[in-house]
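Enquirer: Have a look at this one.
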Amino acid sequence: MENKTEITNKVVLLSVVTDSDDKKAKEISLDELERLAETAGAEVFCRMIQNKEAPNPATYIGSGKVKELKELCSNNDIDLVITDDNLSPSQIKNLEDEIDCADVIDRSMLILDIFAKHAESAAGKLQVELAQLKYTVPRLIGKGKALSRLGGGIGTRGPGESKLETDRRHVKRRIDALEEKLGEIEKNRMTQRGSRDKSGIFKFAIVGYTNAGKSTLLNKMTSAGVLAEDKLFATLDTTTRKYTMDRGEEILLTDTVGLIRNLPHMLVESFKSTLDEIKYSDALLIVTDVSDPEFKSQLAVTEDLIAELGASELPKIYVYNKCDLGVVEKSNTRDKMEVYISALDGDGIKELEEFMYQVMNENKRLYKIHLPMDKLSLVDYLYKNASVKSVDYKEDGAHVEAILDKKTKGIVEDFIDG
Numbered sequence: 015m016e017n018k019t020e021i022t023n024k025v026v027l028l029s030v031v032t033d034s035d036d037k038k039a040k041e042i043s044l045d046e047l048e049r050l051a052e053t054a055g056a057e058v059f060c061r062m063i064q065n066k067e068a069p070n071p072a073t074y075i076g077s078g079k080v081k082e083l084k085e086l087c088s089n090n091d092i093d094l095v096i097t098d099d100n101l102s103p104s105q106i107k108n109l110e111d112e113i114d115c116a117d118v119i120d121r122s123m124l125i126l127d128i129f130a131k132h133a134e135s136a137a138g139k140l141q142v143e144l145a146q147l148k149y150t151v152p153r154l155i156g157k158g159k160a161l162s163r164l165g166g167g168i169g170t171r172g173p174g175e176s177k178l179e180t181d182r183r184h185v186k187r188r189i190d191a192l193e194e195k196l197g198e199i200e201k202n203r204m205t206q207r208g209s210r211d212k213s214g215i216f217k218f219a220i221v222g223y224t225n226a227g228k229s230t231l232l233n234k235m236t237s238a239g240v241l242a243e244d245k246l247f248a249t250l251d252t253t254t255r256k257y258t259m260d261r262g263e264e265i266l267l268t269d270t271v272g273l274i275r276n277l278p279h280m281l282v283e284s285f286k287s288t289l290d291e292i293k294y295s296d297a298l299l300i301v302t303d304v305s306d307p308e309f310k311s312q313l314a315v316t317e318d319l320i321a322e323l324g325a326s327e328l329p330k331i332y333v334y335n336k337c338d339l340g341v342v343e344k345s346n347t348r349d350k351m352e353v354y355i356s357a358l359d360g361d362g363i364k365e366l367e368e369f370m371y372q373v374m375n376e377n378k379r380l381y382k383i384h385l386p387m388d389k390l391s392l393v394d395y396l397y398k399n400a401s402v403k404s405v406d407y408k409e410d411g412a413h414v415e416a417i418l419d420k421k422t423k424g425i426v427e428d429f430i431d432g
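Below, the structure is given as C-alpha cells:
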C-alpha cells in the first residue's frame with residue numbers, strides 16, 4: 015500500500031513584500047519558510063516574491079502575478095504553493111481557483127502539518143488535532159477537492175479524510191471533546207507538578223527557538239535519550255529528568271517544545287498545558303543557536319513568547335549553544351547571566367552549572383518556621399540542610415528562623431508561618 019505521508023510535494027514559496035515591510039526580515043522569514051517546507055518533506059522548486067503596496071484581499075497577489083504563478087505551476091508540475099503570510103479562507107479558495115492545478119496552504123498550515131508529522135504521544139496528537147481543526151477546517155471551503163485531497167502530502171496530515179468528512183458538520187462537538195480530553199490531561203499534569211513542588215526540587219525549564227539544541231543539552235546532562243535531530247520541531251513533548259550536579263544537589267530539567275516566529279496562535283492555545291511547563295518552572299535556561307546569523311532575532315522571538323506565556327519574571331540563564339560551529343558575535347551584556355557552550359561535546363557545561371548554582375542560591379530567603387512538639391526532629395534536619403539563624407523552644411514547639419532553599423522549604427512547607 016502507498017504510504018501517503020511520504021509523498022514529496024514539489025512546491026513554490028510565495029511572499030508579498032509591502033512598502034511598510036522590513037525587507038531583510040521578510041527575506042529571513044522566507045528562508046525559514048523554506049526550512050519548514052523541507053522539514054515537512056517538500057522539494058522547493060523556487061520562490062516567487064511580489065513587491066506590492068498591500069496584499070490583494072481576494073487573491074493575496076495581483077492578477078498579473080496570479081497568471082505568472084499559474085503558468086509556472088502548470089509548466090513545472092507544481093502541486094503545492096505555500097505562502098509566507100497567513101491567508102483568509104476566501105484568499106486560499108480564490109487563489110486555488112485561479113491556479114487550478116495546485117493546492118495552496120499558508121505558513122500556519124505548514125507548521126501545523128509539521129506538528130502533526132512529529133507528534134508521538136497521545137497528548138501531542140490530541141493537541142495537534144485540536145489546533146488543526148480550529149485553524150484548517152474553516153479554510154476547507156468551496157472546491158470539491160478540498161476534502162478529497164486530505165490524506166496525502168503536506169497540509170493533509172492530522173485528522174485525516176474520514177474524520178473530517180464525518181465531523182465536518184460537527185466540528186464544534188469534536189473540538190469540545192478534544193478540549194475535554196486535554197482538560198483531563200492538564201489535571202494529571204497539575205497533580206504531577208504539585209508532587210514536584212512538594213519535593214522541593216528546583217526546576218529549570220530548557221526553552222528556546224526550534225533546533226537551538228535544547229534536547230541535545232538535556233541528553234548531554236542527563237542521558238535522557240530524547241530525539242535530537244537537525245530538524246525544526248523534532249521534539250514536541252516535554253521531557254523532565256532529574257540531574258545531580260557536581261556539588262551533589264538534585265535538580266529537575268525539563269525540555270520544552272521549540273518556539274518560532276509567527277507560531278500559530280491556536281497551537282499556543284492547544285499546547286497550553288505543555289507550554290505551561292515553562293511558566294511553572296523556577297528558572298529558565300534560554301538556549302540559542304549562536305552559530306546562526308539570525309540568533310538575535312530568534313532570541314527576541316523566544317523572549318516575546320516567554321512573556322506571552324507569563325514567565326518573563328522568572329530568573330533566566332542565556333545559553334548560547336553550538337559554539338563548536340563558530341560564534342557569530344559574543345555578547346558583553348552585564349545585566350544577564352550568559353554562557354557559551356557546545357551541548358554536543360559538553361564544552362561550557364561546568365560554567366553553566368555555576369550559573370545554575372547562583373540562581374538557586376539567589377532564590378534562598380529567610381523563613382519563620384513553627385515546628386510542633388511531634389516534629390522537633392526537623393530541627394536537626396534544618397541544621398544540616400539550611401542556614402539556621404535562631405531556635406526558640408516554647409511549650410507549643412520550636413520557633414525557628416532559617417534561610418531555606420526551595421528543596422528544604424518544600425520539606426517544612428506546612429510549618430512556615432505566614
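Going letter by letter, the sequence shown gives residues 15 to 432 in this note's numbering. Built from N, CA and C at the ideal position, the CB exists for glycine as well.
When you compare only the Cα positions, how much space is there between Arg-81 and Thr-288?
Expert: Taking the first residue of the sequence shown as position 1, residue 81 is located at position 67. Taking the first residue of the sequence shown as position 1, residue 288 is located at position 274. Sequence inspection shows Lys at residue 81; the Arg mentioned does not correspond to that position. Approximately 44 Å, taken between the alpha carbons.
Enquirer: Can you tell me whether Thr-97 is buried or exposed, with buried defined as 16 or more other CB within 10 angstroms of its CB?
Expert: The sequence position of residue 97 within the sequence shown is 83, counting from 1. Buried: at least 16 other Cβ atoms inside 10 Å.
Enquirer: Can you name, in chain order, every residue of its own chain whose Cβ lies under 6 Å from the Cβ of Lys-4, other than the five neighbours on each side?
Expert: Nothing about residue 4 can be reported from this structure: the residues present for the chain run from 15 to 432 only.
Enquirer: Bridge partners for Leu-385 per DSSP, in chain order?
Expert: Position 371 of the sequence shown, counted from the first residue, corresponds to residue 385. According to DSSP, Leu-385 bridges with Ala-412.
Enquirer: My assumption, with CB atoms under 8 Å, is that Gly-411 sits in contact with Leu-385. Please give the rounded CB distance.
Expert: For the purposes of this step, residue 411 is taken as the residue at position 397 of the sequence shown. For the purposes of this step, residue 385 is taken as the residue at position 371 of the sequence shown. Confirmed, about 5 Å.
Enquirer: Closer than 6 Å by C-beta to Pro-69: which residues in its own chain qualify, once you throw out the five before and the five after it? Chain order, please.
Expert: Locating residue 69 in the sequence shown gives position 55, counting from the first residue. Val-30.
Enquirer: What do you reckon, are the CB atoms on Thr-258 and Asp-269 nearer than 7 Å?
Expert: Working through the sequence shown from its first residue, we reach residue 258 at position 244. Working through the sequence shown from its first residue, we reach residue 269 at position 255. No. Outside cutoff.
Enquirer: Which full runs of the beta strand (DSSP E) of 3+ residues lie inside the segment 78 to 134, going along the chain?
Expert: If we require 3 residues or more, the beta strand (DSSP E) runs fully inside the segment 78 to 134 come out as 94 to 97, 117 to 120.
Enquirer: Could you give the distance in angstroms between the alpha-carbon of Met-280 and the alpha-carbon of Asp-431?
Expert: As a working note, residue 280 is residue 266 in the sequence shown. As a working note, residue 431 is residue 417 in the sequence shown. Each residue's Cα considered, the two are about 42 Å apart.
Enquirer: Run the CB neighbour count on Gly-324, radius 10 Å, all protein chains shown included, and call it buried at 16 or more, exposed below.
Expert: On the sequence shown, position 310 is the one that residue 324 refers to. Counting Cβ neighbours within 10 Å, Gly-324 comes out exposed, since fewer than 16 surround it.
Enquirer: Tell me, to the nearest whole angstrom, how far the beta carbon of Leu-328 is from that of Leu-298; I am working on the premise that it is less than 8 Å.
Expert: If you number the sequence shown from 1, residue 328 lands on position 314. If you number the sequence shown from 1, residue 298 lands on position 284. Going by Cβ atoms, the distance from Leu-328 to Leu-298 rounds to 5 Å, so yes, they are a contact pair.
Enquirer: What is the DSSP secondary structure of Ser-391, counted as helix, strand or coil?
Expert: What you label residue 391 is simply residue 377 of the sequence shown in a count that begins at 1. Helix, per DSSP.
Enquirer: Specify the secondary structure class of Glu-308 as computed by DSSP and reduced to three states.
Expert: For this step, residue 308 is matched to residue 294 along the sequence shown. The answer is coil: DSSP assigns Glu-308 none of H, G, I, E or B.
Enquirer: Buried or exposed: where does Cys-337 fall if 16 or more other Cβ atoms within 10 Å of its Cβ makes it buried?
Expert: In the sequence shown, counting from the first residue as 1, residue 337 sits at position 323. So Cys-337 ends up on the buried side.
Enquirer: Please return the same chain residues whose Cβ sits closer than 8 Å to the Cβ of Gly-158, not counting the five positions on each side in sequence.
Expert: Mapped onto the sequence shown, residue 158 falls at position 144. Note that Gly-158 scores 40 on pLDDT, short of 50, meaning its location in the model is unreliable and no value can be drawn from it.
Enquirer: Measuring only the C-alpha atoms, how far is Gly-156 from Lys-37?
Expert: Here residue 156 refers to the residue found at position 142 of the sequence shown. Here residue 37 refers to the residue found at position 23 of the sequence shown. No answer about Gly-156 holds up, because its pLDDT of 42 lies below 50 and its placement is not dependable.
Enquirer: Hey, Cys-115 and Ser-88: beta-carbon distance below 7 Å or not?
Expert: As a first step, residue 115 is located in the sequence shown; it is residue number 101 there, counting from the start. As a first step, residue 88 is located in the sequence shown; it is residue number 74 there, counting from the start. Contact flag set, yes.
Enquirer: Buried or exposed: where does Lys-217 fall if 16 or more other Cβ atoms within 10 Å of its Cβ makes it buried?
Expert: Position 203 of the sequence shown, counting from 1, holds the residue named residue 217. Label assigned to Lys-217: buried.
Enquirer: Could you give the DSSP three-state label for Gly-362: helix, strand or coil?
Expert: What you label residue 362 is simply residue 348 of the sequence shown in a count that begins at 1. If DSSP states are grouped into helix, strand and coil, Gly-362 belongs with coil.
Enquirer: Give me the Cβ distance between Ile-292 and Val-353, rounded to the nearest whole Å; I'm assuming they're in contact under 8 Å.
Expert: Counting from one through the sequence shown, the residue named residue 292 turns up at place 278. Counting from one through the sequence shown, the residue named residue 353 turns up at place 339. Contact flag wrong, Cβ pair sits at about 19 Å.
Enquirer: From the DSSP output, in three-state form, read off Asp-428 for me.
Expert: As a position in the sequence shown, residue 428 is number 414, starting the count at 1. Helix.
Enquirer: Return the chain-ordered list of same chain residues with a C-beta closer than 7 Å to the C-beta of Lys-40, the five sequence neighbours on each side being excluded.
Expert: As a working note, residue 40 is residue 26 in the sequence shown. Cβ neighbours of Lys-40 beyond the five flanking positions: Ser-29, Val-31.
Enquirer: Could you give the residue range of the beta strand (DSSP E) that holds Ala-56?
Expert: Walking along the sequence shown from the start, residue 56 turns up at place 42. No beta strand (DSSP E) contains Ala-56, which DSSP labels as neither H nor E.
Enquirer: Among residues of its own chain, excluding the 5 on either side of Glu-427, which ones have a beta-carbon nearer than 6 Å to its beta-carbon?
Expert: Taking the first residue of the sequence shown as 1, we reach residue 427 at position 413. Answer for Glu-427: no residue qualifies.
Enquirer: Which one of His-413, Glu-308, Tyr-407, Val-402 has the shortest CA to CA distance from Thr-422?
Expert: Counted from its first residue, the sequence shown places residue 422 at position 408. Out of His-413, Glu-308, Tyr-407, Val-402, Val-402 has the C-alpha closest to the C-alpha of Thr-422.
Enquirer: Ile-75: which of Thr-53, Leu-109, Asn-100, Ala-56 sits nearest, CA to CA?
Expert: Working through the sequence shown from its first residue, we reach residue 75 at position 61. Considering only alpha carbons, the answer is Leu-109.
Enquirer: Cα separation between Ile-128 and Leu-147?
Expert: As a working note, residue 128 is residue 114 in the sequence shown. As a working note, residue 147 is residue 133 in the sequence shown. Looking at the two C-alpha atoms, the distance is approximately 15 Å.
Enquirer: Which residue comes first and which comes last in the alpha helix (DSSP H) that contains Met-280?
Expert: The residue labelled residue 280 in the question sits at position 266 within the sequence shown. Met-280 -> alpha helix (DSSP H) spans 279 to 284.
Enquirer: Consult DSSP for Gly-138 and reduce its assignment to one of helix, strand or coil.
Expert: Locating residue 138 in the sequence shown gives position 124, counting from the first residue. If DSSP states are grouped into helix, strand and coil, Gly-138 belongs with the helices.
Enquirer: Whole angstroms are fine: how far does the CA of Leu-196 sit from the CA of Leu-126?
Expert: Locating residue 126 in the sequence shown gives position 112, where the first residue counts as 1. Locating residue 196 in the sequence shown gives position 182, where the first residue counts as 1. Whole-angstrom Cα-Cα distance: 18 Å.
Enquirer: Bridge partners for Glu-291 per DSSP, in chain order?
Expert: Translated into the one-based positions of the sequence shown, residue 291 becomes position 277. Glu-291 is not bridged to any residue.
Enquirer: So is Lys-433 buried or exposed if we call it buried at 16+ other beta carbons inside 10 Å?
Expert: The requested residue 433 does not occur in the structure, where the chain is confined to residues 15 to 432.
Enquirer: Any idea which residues DSSP pairs Val-402 with across the strands?
Expert: Start at 1 with the first residue of the sequence shown, and residue 402 comes out as number 388. In the DSSP output, where bridge partners are listed per residue, Val-402 has Ala-416.
Enquirer: So if DSSP puts Ala-219 in a beta bridge, which residue, or which two residues, is it bridged to?
Expert: Here residue 219 refers to the residue found at position 205 of the sequence shown. Answer is Thr-268, Leu-298.
Enquirer: I need the DSSP call for Asn-70, collapsed to helix, strand or coil.
Expert: Start at 1 with the first residue of the sequence shown, and residue 70 comes out as number 56. It is a strand residue.
Enquirer: In terms of residue numbering, what span does the beta strand (DSSP E) encompassing Leu-27 cover?
Expert: Against the sequence shown, residue 27 aligns to sequence position 13. That run of the beta strand (DSSP E) goes 24 to 31.
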